[in-house]
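**Q**
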Amino acid sequence: DSGVTQTPKHLITATGQRVTLRCSPRSGDLSVYWYQQSLDQGLQFLIQYYNGEERAKGNILERFSAQQFPDLHSELNLSSLELGDSALYFCASSGGGTGDPYGYTFGSGTRLTVV
Amino acid sequence: DAKTTQPPSMDCAEGRAANLPCNHSTISGNEYVYWYRQIHSQGPQYIIHGLKNNETNEMASLIITEDRKSSTLILPHATLRDTAVYYCIVRFPFGNEKLTFGTGTRLTIIP
Chain A
49 DSGVTQTPKH LITATGQRVT LRCSPRSGDL SVYWYQQSLD QGLQFLIQYY
99 NGEERAKGNI LERFSAQQFP DLHSELNLSS LELGDSALYF CASSGGGTGD
149 PYGYTFGSGT RLTVV
Chain B
49 DAKTTQPPSM DCAEGRAANL PCNHSTISGN EYVYWYRQIH SQGPQYIIHG
99 LKNNETNEMA SLIITEDRKS STLILPHATL RDTAVYYCIV RFPFGNEKLT
149 FGTGTRLTII P
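Heads up: the sequence lines are chains A and B, in that order. For the first sequence, my numbering gives the first residue as 49, with consecutive numbering after it. For the second sequence, my numbering gives the first residue as 49, with consecutive numbering after it.
Take a look at the structure:
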């Protein structure tokens with residue numbers, strides 16, 4: 049157990065639908081990062097939150113949004129789903145204001161299948 | 049722009065040392081070299097990091113050249129469980145900078 053919890057582990061939904069993926073960071077970590085990994089593709093950075101505020105944005109589609117709540121958990125919302133959104137979605141967290149010299153800790157991911 | 053270059057794949061016999069190279073010729077003075085690995089469909093796992101000195105932990109050793117333009121990750125006695133994609137990343141360790149993953153090296157340990 050890495051300390052980063054992602055739910056659900058698996059999700060199957062239809063095209064056009066909306067889903068919410070949840071991430072609870074490691075205790076004490078203030079930063080949450082979301083990554084997408086399509087089949088046999090690399091890890092694509094989507095977005096980062098730090099202590100409730102958006103810190104950095106990557107190649108995140110307009111149909112996707114995220115937020116980080118006061119208790120530091122984060123949610124990634126995916127709407128108007130398309131077949132191409134099928135992927136593994138990983139959440140990672142890292143330490144406080146001075147950063148984390150050991151990098152991130154990743155969760156085990158949510159496998160999203162759009163049918 | 050890719051900051052690191054790694055071979056796409058490598059094989060290593062079980063029980064032998066696996067040496068994974070990485071080129072990072074544009075690394076800046078305050079950037080560290082990090083190594084992560086991803087075992088099939090699992091979340092990436094931190095292995096080791098270093099600035100300029102060689103580093104060793106319970107998982108691996110990291111050798112960084114004197115000019116810091118390249119490094120080698122060494123798994124001293126590879127097992128089948130070490131089969132994974134290995135990512136070399138350069139990063140400033142503070143300020144919660146995001147990790148940018150390249151394509152990595154797919155290491156296959158052969159029985």
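The beta-carbon is built from N, C-alpha and C at its ideal position, and this holds for glycine as well.
Quick one: what's got a C-beta closer than 7 Å to Ala22 of chain B's C-beta in the same chain, skipping five residues either side?
**A** With chain B represented from 49 up to 159, any question about residue 22 of chain B goes unanswered, as that position is not in the structure.
**Q** Along the stretch 100-111 of chain A, where does the CB come closer than 9 Å to a CB of chain B? Name the residues.
**A** From the stretch 100-111 of chain A, only Arg103, Ala104 and Gly106 have a Cβ closer than 9 Å to chain B.
**Q** What residue does the beta strand (DSSP E) around Gln54 of chain B start on, and which one ends it?
**A** Taking the second sequence and counting its residues from 1, the one referred to as residue 54 of chain B is at position 6. Looking at the DSSP string, Gln54 of chain B is not in any beta strand (DSSP E), and its letter there is neither H nor E.
**Q** Is Leu120 of chain A helix, strand or coil by DSSP?
**A** Taking the first sequence and counting its residues from 1, the one referred to as residue 120 of chain A is at position 72. Leu120 of chain A: coil per DSSP, three-state reduction.
**Q** Leaving out the 5 sequence neighbours to the left and right, which residues in its chain are closer than 6 Å to Asp130 of chain B when beta-carbon positions are compared?
**A** Counted from its first residue, the second sequence places residue 130 of chain B at position 82. Once the five neighbours on either side are set aside, the close Cβ partners of Asp130 of chain B are Leu123 and Ile157.
**Q** Buried or exposed, going by whether 16 or more other CB atoms sit within 10 Å of the CB of Gly157 of chain A?
**A** By 1-based counting over the first sequence, the position of residue 157 of chain A is 109. Classification for Gly157 of chain A: buried.
**Q** Output the distance between the C-alpha atoms of Ser122 of chain A and Arg64 of chain B, rounded to the nearest integer angstrom.
**A** Reading the first sequence from its first residue, position 74 is the one you call residue 122 of chain A. Reading the second sequence from its first residue, position 16 is the one you call residue 64 of chain B. One C-alpha to the other measures close to 42 Å.
**Q** Please classify Phe117 of chain A as buried or exposed, where buried requires at least 16 other C-beta atoms within 10 Å of its C-beta.
**A** For the purposes of this step, residue 117 of chain A is identified with residue 69 of the first sequence, where counting begins at 1. By the neighbour-count rule (16 or more Cβ atoms within 10 Å), Phe117 of chain A is not buried but exposed.
**Q** Can you check whether the C-beta of Gly96 of chain A is within less than 8 Å of a C-beta belonging to chain B?
**A** Residue numbering aside, residue 96 of chain A sits at position 48 when the first sequence is read from its first letter. According to the sequence shown, residue 96 of chain A is Gln rather than Gly. For Gln96 of chain A, the answer is yes, since a Cβ of chain B falls inside 8 Å of its Cβ.
**Q** Between which two residues does the beta strand (DSSP E) containing Gln89 of chain A stretch?
**A** As a working note, residue 89 of chain A is residue 41 in the first sequence. No beta strand (DSSP E) holds Gln89 of chain A; DSSP gives it neither H nor E.
**Q** Mind checking Gln84 of chain A: buried by the 16 CB within 10 Å criterion, or exposed?
**A** In the first sequence, residue 84 of chain A corresponds to position 36, counting from 1. Burial call: buried.
**Q** So Thr151 of chain B is in the beta strand (DSSP E); what residue range does that whole segment cover?
**A** For this step, residue 151 of chain B is matched to residue 103 along the second sequence. That residue, Thr151 of chain B, is in no beta strand (DSSP E); it is neither H nor E in DSSP.
**Q** Spatial neighbours of Cys60 of chain B within its chain, please: C-beta separation below 6 Å, excluding the five flanking residues on both sides.
**A** As a working note, residue 60 of chain B is residue 12 in the second sequence. The answer, listed in chain order, is Ala66, Ala126 and Ile157.
**Q** Hey, Leu124 of chain A and Leu69 of chain A are a contact pair by Cβ (cut 8 Å); roughly how many whole angstroms apart?
**A** The count along the first sequence starts at 1 and reaches residue 124 of chain A at position 76. The count along the first sequence starts at 1 and reaches residue 69 of chain A at position 21. Leu124 of chain A to Leu69 of chain A, Cβ: 4 Å. Contact.
**Q** Given a limit of 9 Å on CB to CB distance, which residues of the stretch 77-90 of chain B reach chain A?
**A** Correct list: Tyr80, Tyr82, Tyr84, Gln86, Ser89 and Gln90.
**Q** Within 10 angstroms of its Cβ, does Thr104 of chain B collect 16 or more other Cβ (buried), or is it exposed?
**A** The residue labelled residue 104 of chain B in the question sits at position 56 within the second sequence. By the 10 Å Cβ count, Thr104 of chain B comes out exposed.
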